[in-house]
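A.B. asks: Before we start, here is the structure in question, set down as structure tokens.
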Amino acid sequence: MKKLFAATLGAWMLSLSAQAAEPLKIGYSDWPGWVAWQVAIEKNWFKDAGVDVSFEWFDYVASMDAFAAGKLDAVTMTNGDALVTGATGAKSVMIIINDYSNGNDMIVGKPGISSLKDLKGKKVGVEIGFVDHLLLLNGLKKAGMSEKDVTLVNVPTNETPQVLASGDVSAIAAWQPNSGVALKLVPGSKPIYTSADEPGLIYDVLAVSPVSLATRKADWEKVVKVWYRAVDYIHDPKTHADAIKIMASRVGVSPEEYEGFYTGTKILTLDEAKGFFKKGDGFGSLYGSSKIVDEFNLANDVYKEAQDVDSYIDGSLTAGL
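Each residue of the sequence shown is one higher than the last, beginning at 1 in our numbering.
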């Protein structure tokens, strides 16, 4: 029996060792706050930190599907989509706040539409239940209107530029690069409300599987440290141009064009992120913002039961730096 126990224990320990040796698999997609990971990838900073990480490039929705299917240890997504993914069975824990959208999410009006009030009685193309639907509702409320004052046309976000160009709608709600494509595709169109008008409405995060976080916490601590090394490199005037060049190359645009995408994204410094990880109400806290998104998701039947927002957030790795 002792020999059998020793053999079983040894096999179990070998299995754990093999799991620990596997790279952390992270899915990321085309958003400046997530493309920023490319700086650390190309600089080999994960190797410097002693952590084996494999980044896999996806379309945004496909990245969440891969995470939900258990193919990834972590994925980059918005705080709202972390709740949606968790409500449907793939729970995650947000350990890094990469950024908040600072203008890249837009309501873009066709020529002749100069404000949200101009949309009364008109059609707006938006992917219903996604984050820019919330942006639209927030803007309408500030303009003294509600969803009842417009007609929503459910459009996949990547198709919104073409729908605006078709003339079937008076405005669209979209994030970069789709919002930028719409502005180029429709001469005379312009942003009439953006995420810069409500900082903190959209937080972009790294969300990790609870199992992976629990079993490999030391590795995730190293990932967090590398992230802030990349952030410092991006913000440093001496290295900013090189960082933008790396990020632009990842998505196939010029550094000059990508500079605009960077400006519309508030990539957070360590001190800024620590502040947003503090509990509070409203958009100035990841907790408060996520609670508002949870209420939005319930109101729009994105899922049926309220989520325990606190269980989705762990700022301890960031706080520990």
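We put the CB at the ideal spot given by N, CA and C, even for glycine.
From which residue to which residue does the beta strand (DSSP E) around A56 run?
C.D. replies: For the sequence presented, residue 56 should be read as Glu rather than Ala. From DSSP, the beta strand (DSSP E) with E56 extends over V53 to W57.
A.B. asks: State the Cα-Cα distance for the pair V231 and N300, rounded to the nearest angstrom.
C.D. replies: The straight-line gap from Cα to Cα measures roughly 35 angstroms.
A.B. asks: I think I107 touches G139, with their Cβ atoms under 8 angstroms apart; what is that distance to the nearest whole Å?
C.D. replies: Contact flag correct, Cβ pair sits at about 6 angstroms.
A.B. asks: Are three or more beta carbon pairs between the region 25-39 and the region 76-87 nearer than 8 angstroms?
C.D. replies: Touching, yes, given that three or more Cβ pairs across the two stretches are closer than 8 angstroms.
A.B. asks: Would a C-beta distance cut-off of 7 angstroms place V51 and I246 closer than the cut-off?
C.D. replies: No, these two residues do not count as a Cβ contact at 7 angstroms.
A.B. asks: Let me check one thing: in DSSP terms, what residues is N104 bridge-paired to?
C.D. replies: BP columns for N104 are empty, so no partner.
A.B. asks: By DSSP's criteria, P191 is part of a beta bridge. Which residues make up the other side?
C.D. replies: Answer is V108.
A.B. asks: On the CB-based measure, 16 or more other CB atoms within 10 Å of its CB, does A7 come out buried or exposed?
C.D. replies: Model confidence at A7 stands at a pLDDT of 43, short of 50, so the residue's coordinates are unreliable; what they give is reported in the following sentence. Classification of A7: exposed, given that the 10 Å Cβ count is below 16.
A.B. asks: Among the candidates V126, G109 and V293, whose CA atom is the shortest distance from the CA of L119?
C.D. replies: Residue G109 is the option with its Cα nearest to L119.
A.B. asks: Going by the CB atoms, is the gap between V124 and A171 shorter than 7 angstroms?
C.D. replies: Result yes, Cβ atoms of A171 and V124 sit closer than 7 angstroms.
A.B. asks: Per DSSP, K323 is paired with what?
C.D. replies: Not covered by the structure: residue 323. The range shown for the chain is 1 to 321.
A.B. asks: Pop quiz: S189 and L164 are said to be a contact at Cβ under 8 angstroms. What is the actual Cβ separation, rounded to whole angstroms?
C.D. replies: About 7 angstroms; that satisfies the 8 angstroms criterion.
A.B. asks: With a cut-off of 8 angstroms, do at least 3 Cβ pairs link the region 265-285 to the region 200-209?
C.D. replies: Output reads yes: the region 200-209 touches the region 265-285.
A.B. asks: Quick check: A273 and A82, are their CB atoms within less than 7 angstroms of each other?
C.D. replies: No.
A.B. asks: From the DSSP secondary-structure annotation, give me the bridge partner or partners of A74.
C.D. replies: Beta-bridge pairing links A74 to I26 and V208.
A.B. asks: How far does the alpha helix (DSSP H) with I246 in it extend, from its first residue to its last?
C.D. replies: Here the alpha helix (DSSP H) through I246 covers H240 to V251.
A.B. asks: In or out: E22 buried (at least 16 other Cβ within 10 Å) or exposed?
C.D. replies: Label assigned to E22: exposed.
A.B. asks: Please give me, in chain order, every unbroken run of the beta strand (DSSP E) with length at least 3 that falls completely inside the region 151-185.
C.D. replies: If we require 3 residues or more, the beta strand (DSSP E) runs fully inside the region 151-185 come out as 151-154 and 171-174.
A.B. asks: Can you tell me where the beta strand (DSSP E) holding G125 begins and where it ends?
C.D. replies: Segment K123 to V126, the beta strand (DSSP E) holding G125.
A.B. asks: Tell me the residue span of the alpha helix (DSSP H) that contains K291.
C.D. replies: Element bounds for K291: L286 to A299.
A.B. asks: Tell me, please, which residues DSSP counts as bridged to I313.
C.D. replies: Paired residue(s): M94.
A.B. asks: What does DSSP give as the partner residues of T85 in its beta bridges?
C.D. replies: Paired residues: none, contrary to the question.
A.B. asks: Around the C-beta of G180, are 16 or more other C-beta atoms found within 10 angstroms, so that it is buried, or is it exposed?
C.D. replies: Buried, by the Cβ-count rule.
A.B. asks: Bridge partners for I202 per DSSP, in chain order?
C.D. replies: Answer by DSSP bridge pairing: none, since I202 is not bridged.
A.B. asks: For G86 and A36, what's the separation of their Cα atoms in angstroms?
C.D. replies: Near 25 angstroms, if we compare the C-alpha coordinates of A36 and G86.
A.B. asks: State the DSSP-derived secondary structure class of T265, mapped to helix, strand or coil.
C.D. replies: Reduced to three states, the DSSP call for T265 is strand.
A.B. asks: If the criterion is Cβ atoms closer than 7 angstroms, does the pair Y258 and A248 meet it?
C.D. replies: Yes, the pair counts as a contact, with Cβ atoms nearer than the cut-off.
A.B. asks: Could you check whether the region 145-156 touches the region 211-220, counting it as contact only if at least three pairs of C-beta atoms, one from each stretch, sit closer than 8 angstroms?
C.D. replies: At 8 angstroms Cβ cutoff, the stretches do not touch.
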